[in-house]
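Top line first, the protein sequences correspond to chains A and B.
In terms of the numbering used here, the first sequence opens at residue 19 and continues consecutively.
In terms of the numbering used here, the second sequence opens at residue 210 and continues consecutively.
Positions of the beta carbon are idealized from the N, C-alpha and C atoms, including for glycine.
Given the structure is predicted, the values throughout are model-derived calculations rather than measurements.
Working notes, structure below.
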Amino acid sequence: MSQDIALEVNNLRVSYKTSTDDVKAVDDVSFKLYAGERLGVVGESGSGKTTLALALMRLHKPPASIEGGTAFLDGRDLLKLDREEMRSTRWSKLSLIPQGSMNSLNPVIKIKHQMADAVEAHQRGWARGEIAKHIGHLLGRVGLPESVAEMYPHELSGGMKQRVCIALAIILEPSVIIADEPTSALDVVVQRVVMQTLNDVQAQLNAAMIIIGHDMGLMAQSADRLAVMYAGKMVEVSPIGAFFKNPQHPYSKLLISSLPSPEERRELTGIPGSQPSLLDLPSGCAFHPRCPVAVERCKREIPPLRDFSGGRRAACHLVEEQT
Amino acid sequence: MKHAYLIRRVVMFFVVVILAATLNFIIPRLAPGDPIGAVLEELRARGASTGGDSEDEIVAAYRARFGLDKPIHIQYFSFLANTLRFDLGYSISYYPQKVEAALLRSLPWTVGLLAISTVISFAFGSFFGALMAWPRAPATVNRFVPFFMVLSAVPYYLLGLILVYIFAFVLRWLPLGGAYSSGTVPEMDLDFILDVIRHGMLPALSILLTSVGFWALGMRGVMVTVLGEDYLTLAEAKGLPDRRIFFAYAMRNALLPQVTSLAIALGTVASGSVLVEVIFNYPGVGWLLYNALRSSDYYMVQGVAFFLILTVAVSVLIVDVIYPLLDPRIER
Chain A
19 MSQDIALEVN NLRVSYKTST DDVKAVDDVS FKLYAGERLG VVGESGSGKT TLALALMRLH
79 KPPASIEGGT AFLDGRDLLK LDREEMRSTR WSKLSLIPQG SMNSLNPVIK IKHQMADAVE
139 AHQRGWARGE IAKHIGHLLG RVGLPESVAE MYPHELSGGM KQRVCIALAI ILEPSVIIAD
199 EPTSALDVVV QRVVMQTLND VQAQLNAAMI IIGHDMGLMA QSADRLAVMY AGKMVEVSPI
259 GAFFKNPQHP YSKLLISSLP SPEERRELTG IPGSQPSLLD LPSGCAFHPR CPVAVERCKR
319 EIPPLRDFSG GRRAACHLVE EQT
Chain B
210 MKHAYLIRRV VMFFVVVILA ATLNFIIPRL APGDPIGAVL EELRARGAST GGDSEDEIVA
270 AYRARFGLDK PIHIQYFSFL ANTLRFDLGY SISYYPQKVE AALLRSLPWT VGLLAISTVI
330 SFAFGSFFGA LMAWPRAPAT VNRFVPFFMV LSAVPYYLLG LILVYIFAFV LRWLPLGGAY
390 SSGTVPEMDL DFILDVIRHG MLPALSILLT SVGFWALGMR GVMVTVLGED YLTLAEAKGL
450 PDRRIFFAYA MRNALLPQVT SLAIALGTVA SGSVLVEVIF NYPGVGWLLY NALRSSDYYM
510 VQGVAFFLIL TVAVSVLIVD VIYPLLDPRI ER
């Protein structure tokens with residue numbers, strides 16, 4: 019893996035405006051995405067994963083708004099681009115594999131036209147015949163017959179639609195792909211195959227990919243690094259092997275101990291309590307009411323995300339002493 | 210597949226038409242009274258003499274002439290056969306004119322006035338309604354919402370009366386009624402066409418203004434739903450130009466339920482606008498029906514009623530045939 023940075027996000031903050039208060043759905047998130055790597059982002063529902071993805075593409079809808087931060091892609095801050103610049107950047111540099119692939123394709127337009135319009139919108143100067151050939155080739159690459167180009171979305175199964183979305187995402191060979199729960203609507207068998215396809219095309223393109231999800235098993239198979247989000251913050255970012263071997267943050271530890279393992283027989287432990295409401299966050303570390311090792315300091319100070327050896331980062335007051 | 214669908218639709222069309230004709234046959238015969246008796250009554254009231262023949266003989270002669278002496282099922286089948294050949298019988302008021310001739314004479318006026326104003330209203334209303342839901346449309350567009358709501362609540366005949374009063378009576382900009390100036394001979398020259406347009410302006414405007422709100426508000430509602438669909442997020446993520454997203458992704462999908470409403474609206478255009486034609490003295494199908502009702506011209510009423518059902522059936526058939534082209538999810 020090269021160390022070229024594909025996307026660098028600093029102090030990104032996204033809020034949902036309510037009548038009384040702002041809900042910080044993404045709170046001071048910073049991370050680097052290296053060229054060609056697969057960064058998994060996990061977290062409970064409502065931890066800000068999807069908001070993060072949409073904000074990076076500036077597709078968030080009111081009442082969500084970006085409150086601050088930067089997101090550099092190719093030396094330009096995505097959050098400062100004007101509408102037209104953002105439009106031309108989308109898909110050509112930064113593409114999306116949507117969460118609800120079942121409804122992500124326009125029901126009344128043929129697949130080939132939905133793929134071709136993405137090319138035409140970015141004026142690559144390809145001839146019609148070239149585009150058609152390219153589409154056929156892409157469909158083949160994600161394991162679909164070329165005849166799919168002539169079909170409408172309702173004629174495809176869920177897995178096929180998701181493959182179309184993958185083919186669509188790589189049509190302009192972007193440098194960053196954001197996959198928002200790319201397989202959550204599929205059954206486990208299809209999940210594995212689709213994920214494999216996604217990983218293959220990503221590797222061929224050498225694009226960086228952010229995979230959002232909450233399936234730790236899938237992450238273990240696909241991601242190079244894993245970021246854990248909790249209540250709008252990133253609490254740990256670690257290379258995938260190190261993460262599973264030796265998680266740093268207490269939340270990560272609990273996540274892993276709640277996974278079943280074929281090797282050892284043990285009681286599965288869940289995580290007591292539930293994620294706090296973003297409207298009413300606990301003081302200090304947002305995780306402290308559920309944390310088994312919390313100390314007095316955790317109730318007072320918000321732990322910053324600090325760097326540790328081995329390219330690891332964690333946001334916990336106690337981590338230093340443990341490593 | 211496609212043929213089976215078409216055949217089913219066409220068969221359905223004929224079933225509806227035959228049912229309509231049957232009802233048309235039954236209903237007048239259920240009503241009390243006897244048409245021949247009514248005619249004689251009227252003649253007597255006008256002081257006509259029976260000319261020496263006994264009343265029974267006259268009645269029998271008339272019954273024979275109109276086929277009322279035959280058994281009921283024979284009457285039914287000959288009625289059905291005539292109706293399907295579009296032979297709707299003689300008008301009583303305009304005897305010896307045939308009902309279908311009168312209908313065909315009024316039809317161009319109704320189609321010209323009502324169908325055109327409905328289609329314009331549909332196109333404009335749908336486009337405007339789509340803009341009202343579009344977040345990147347100019348904010349002024351939404352100021353029209355209350356205006357449309359009020360207009361769609363006003364009955365068109367009322368608005369018609371107001372328009373006539375202001376523009377034809379007080380300001381005298383436009384004629385009071387009719388389809389063309391009396392004394393002109395209908396022919397296809399520029400003067401006549403301009404005259405027809407001048408006459409059509411007020412009735413068309415009253416239909417347009419009252420129905421455009423219906424289309425606009427309906428479209429706005431569907432559009433809001435469509436804008437929340439995942440495929441719109443993906444369309445935006447693809448970096449498509451706004452124009453493409455608006456037309457091919459949002460409006461294209463939001464129009465589908467609107468087209469269904471259009472079929473029904475076109476079908477009921479003729480019947481629903483009787484009052485407009487009456488107010489504006491417009492020689493269309495509605496006007497024909499109004500006069501037929503006033504003069505108890507049973508055959509004419511029956512003929513117009515059948516014709517109205519036919520228009521609904523035809524427009525539903527047309528939509529059924531084109532709908533699979535608009536929405537590929539509908540079985541072909």
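- Cβ contact annotation for TYR458 of chain B (same chain, cutoff 7 Å, sequence separation greater than five): TYR440, LEU441, ALA444, in chain order.
- Proximity to LEU383 of chain B across B:LEU399, B:ILE406, B:TYR365 peaks at B:ILE406, based on C-alpha coordinates.
- Residue state for LEU190 of chain A is assigned as coil, using DSSP reduced to three classes.
- Residues of the same chain with a CB within less than 6 Å of the CB of VAL246 of chain A, apart from the 5 flanking positions on each side, are VAL60, VAL253, GLU254, SER270 in chain order.
- Contact residues of the segment 124-151 of chain A toward chain B are ASN124, PRO125, VAL126, ILE127, ASP135, ALA136, ALA139, HIS140 (C-beta to C-beta distance below 7 Å).
- By the C-beta criterion, the segment 195-213 of chain A is judged not to be in contact with the segment 262-280 of chain A, since fewer than 3 inter-stretch pairs fall below 8 Å.
- Separation of CYS334 of chain A and SER193 of chain A (C-alpha to C-alpha, rounded to the nearest whole angstrom) is 32 Å.
- Around the beta-carbon of LEU403 of chain B, fewer than 16 other beta-carbon atoms lie within 10 Å, marking it exposed.
- Residue-level contact check: LEU449 of chain B touches chain A, since one or more beta carbons of chain A fall below 8 Å from its beta carbon.
- Counting of Cβ neighbours within 10 angstroms places SER263 of chain B among the exposed residues, the total staying below 16.
- Against chain B, a Cβ distance below 9 Å from ASN217 of chain A picks out nothing, because the smallest value is about 21 Å.
- From the beta-carbon of TYR214 of chain B, no residue of chain A is found nearer than 9 Å; the closest lies around 16 Å away.
- With fewer than 16 neighbouring CB atoms inside 10 Å of its own CB, SER287 of chain B falls in the exposed class.
- Not a single CB atom of chain B sits nearer than 8 Å to the CB of MET213 of chain A.
- Taking the CA atoms as reference points, ILE188 of chain A sits about 55 Å from THR319 of chain B.
- Excluding five sequence positions before and after ALA310 of chain B, none of the CB atoms of its chain fall closer than 8 Å to its own CB.
- Chain-ordered, the chain A residues with CB closer than 7 Å to the CB of TYR458 of chain B read ASN124.
- Between the alpha carbons of LEU297 of chain B and LYS307 of chain B lies a distance of about 7 Å.
- At a C-beta separation below 8 Å, TYR34 of chain A has no neighbours in chain B, since its nearest C-beta there lies roughly 16 Å away.
- Contacts between HIS172 of chain A and chain B, judged by CB atoms closer than 9 Å, involve PRO537, ARG538 in chain order.
- A Cβ-Cβ contact shorter than 8 Å links PRO412 of chain B with TYR491 of chain B.
- Of all residues in the segment 321-335 of chain A, none comes within less than 9 Å of chain B when Cβ atoms are compared.
- Counting only the Cα atoms, PHE516 of chain B lies some 29 Å from LEU249 of chain B.
- Within the segment 420-443 of chain B, GLU438, ASP439, TYR440, THR442, LEU443 place their CB atoms closer than 7 Å to a CB of chain A, listed in sequence order.
- Under the 8 Å Cβ criterion, the segment 53-71 of chain A counts as touching the segment 33-44 of chain A, having at least three qualifying pairs.
- Straight across, the Cα-Cα distance linking ARG538 of chain B with ILE473 of chain B is about 21 Å.
- Fewer than three Cβ pairs drawn from the segment 358-373 of chain B and the segment 510-524 of chain B lie within less than 8 Å of each other, which leaves the two stretches out of contact.
- A direct Cα-Cα distance of roughly 30 Å separates ASP278 of chain B from TYR499 of chain B.
- For the 8 Å CB-CB criterion, LEU57 of chain A and ARG243 of chain A form a contact.
- Contacts between ARG159 of chain A and chain B, judged by CB atoms closer than 9 Å, are missing: the closest CB pair is about 19 Å apart.
- Listed as beta-bridge partners of ILE281 of chain B by DSSP are no residues whatsoever.
- Here the segment 419-437 of chain B lies against the segment 336-345 of chain B, with 3 or more beta-carbon pairs under 8 Å apart.
- Contact note: ARG453 of chain B reaches chain A through ASP135, ALA139, using a C-beta cutoff of 8 Å and chain order.
- Nearest C-alpha to LEU162 of chain A among A:GLY328, A:PRO307, A:CYS183, A:ALA73: A:CYS183.
- Straight-line measurement puts the Cα of LEU223 of chain A at about 16 Å from the Cα of LEU25 of chain A.
- With at least 16 other beta carbons inside 10 angstroms of its own, HIS140 of chain A counts as buried.
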